[in-house]
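Student: Chains as they are written, first to last, in the numbering used here: chain A, -17 to 99; chain B, 178 to 287. Don't be surprised by glycine CBs; every beta carbon is placed ideally from N, CA and C. The structure displayed is predicted, hence computed values, not measured ones.
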């Protein structure tokens, strides 16, 4: 059973370009979360999605950032007009569908390291 | 005040030592509690969920005190491979976002 998959693993963008980060959840998981870890800081929640729905985007910056989880295909985190401060590790996590204790547990992908030059 | 607070360490211990990590959380509505470990800023890996009754997995024991809003992790007979950053993590609701502490760094020396 493959884990959470993210690509690319490393992404370099110049200031002003767009970054697209992709995440495929574990098989059987329909909840996807994005977190960001800035250098020397802890992980911070960004957004929580289910298929075709944004459930909680309270951690998303107001501008330039968007996320989607379409009916088919991976979840995408999109950053427009990147700036140096966007350089960070972006982790995706997924959790199981259904009820019960196990649905609280989130499993993380390897992350995408974004560097803005 | 941070929602989840941990002693940042580092904790430097010899192999075989017992080490305890503590964590406090401020939101009494929190419903789920976890310890994750993170190696060299790779992806966090779930170590264990923490239940009110306390739970044990081999050398690892986790405790939760809801009244004091306090979570602990005890590692017995520590191994070199236990060296990592240990993250105290709290969730507010089923399927909801997780709030991470800053992490406690552990270094186990031979």
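1) Here's the rule I'm using: 16 or more other beta-carbon atoms within 10 Å means buried, otherwise exposed. How should residue 214 of chain B be labelled?
2) Can you list, in chain order, the residues of its chain with a C-beta nearer than 6 Å to that of residue -5 of chain A? Leave out the 5 residues immediately preceding and following it.
3) Return the residue from the list A/87, A/78, A/77 and A/61 that minimises the CA-CA distance to residue 94 of chain A.
4) Listing by chain order, which chain A residues have their CB less than 7 Å from the CB of residue 220 of chain B?
5) Could you tell me which residues DSSP puts in a beta bridge with residue 200 of chain B?
6) Nearest to residue 268 of chain B by alpha carbon, out of B/184, B/203 and B/191?
7) Is residue 32 of chain A near residue 47 of chain A, with beta carbons less than 9 Å apart?
8) Quick check on residue 5 of chain A: buried or exposed, where buried means 16 or more other Cβ atoms within 10 Å of its Cβ?
9) When the Cα of residue 112 of chain A is compared with those of A/20, A/21 and A/11, which residue comes out closest?
10) Among the residues of its own chain, which have a CB less than 6 Å from the CB of residue 277 of chain B, if the five just before and after it don't count?
11) If we define contact as Cβ-Cβ less than 9 Å, is residue 26 of chain A a contact residue for chain B?
12) Check whether chain A comes within 9 Å of residue 224 of chain B, counting only Cβ atoms and requiring the distance to be less than that.
13) How far does the beta strand (DSSP E) with residue 191 of chain B in it extend, from its first residue to its last?
14) If you run the structure through DSSP and keep just helix, strand and coil, what is residue 67 of chain A?
15) When you compare the CB positions of residue 274 of chain B and residue 24 of chain A, do they come within less than 9 Å of one another, or not?
16) Thinking residue 227 of chain B and residue 211 of chain B are a contact (beta carbons under 8 Å), I'd like their distance in whole angstroms, please.
17) Can you give me, in chain order, the residues of the segment 272 to 287 of chain B that have a beta carbon less than 9 Å from any beta carbon in chain A?
18) Are any of the Cβ atoms in chain E nearer than 9 Å to that of residue 41 of chain A?
19) Taking the beta strand (DSSP E) that residue 256 of chain B falls in, what are its first and last residues?
20) Taking residue 286 of chain B as the reference, which of B/197, B/258 and B/201 has the closest Cα?
21) In chain A, what lies closer than 7 Å to residue 186 of chain B by C-beta?
Tutor: On the basis of the coordinates in this document:
1) Around the C-beta of residue 214 of chain B, 16 or more other C-beta atoms lie within 10 Å, and the residue is accordingly described as buried.
2) 1, 64 and 98.
3) Checking every option, the nearest Cα to that of residue 94 of chain A belongs to A/61.
4) Here the neighbours are 73, 90, 91, 92 and 93.
5) Residue 200 of chain B pairs with B/183 and B/248.
6) Selection B/184, B/203 and B/191 evaluated against residue 268 of chain B yields B/203 as nearest (Cα-Cα).
7) Taking 9 Å as the Cβ cut-off, residue 32 of chain A and residue 47 of chain A do not qualify as a contacting pair.
8) Residue 5 of chain A counts as buried, since at least 16 other C-beta atoms from the protein chains shown sit within 10 angstroms of its C-beta.
9) Within the shown structure, residues of chain A are numbered from -17 to 99, placing residue 112 of chain A beyond reach of any answer.
10) Contacts found: 264 and 266.
11) At least one chain B Cβ lies under 9 Å of residue 26 of chain A.
12) Chain A, which has no Cβ nearer than 9 Å to the Cβ of residue 224 of chain B, makes this no.
13) Its beta strand (DSSP E) spans residues 188 to 191.
14) Residue 67 of chain A falls in the helix class under three-state DSSP.
15) Going by beta carbons, residue 274 of chain B and residue 24 of chain A fall outside the 9 Å limit.
16) Confirmed, about 6 Å.
17) The residues in question are 272, 273, 274, 275, 276, 277, 278, 279 and 280.
18) In the structure shown, chain E does not exist; the protein chains are A and B.
19) No beta strand (DSSP E) holds residue 256 of chain B; DSSP gives it neither H nor E.
20) Each of B/197, B/258 and B/201 was checked against the Cα of residue 286 of chain B, and the nearest Cα belongs to B/258.
21) Result: empty, since nearest Cβ-Cβ is about 14 Å, beyond 7 Å.
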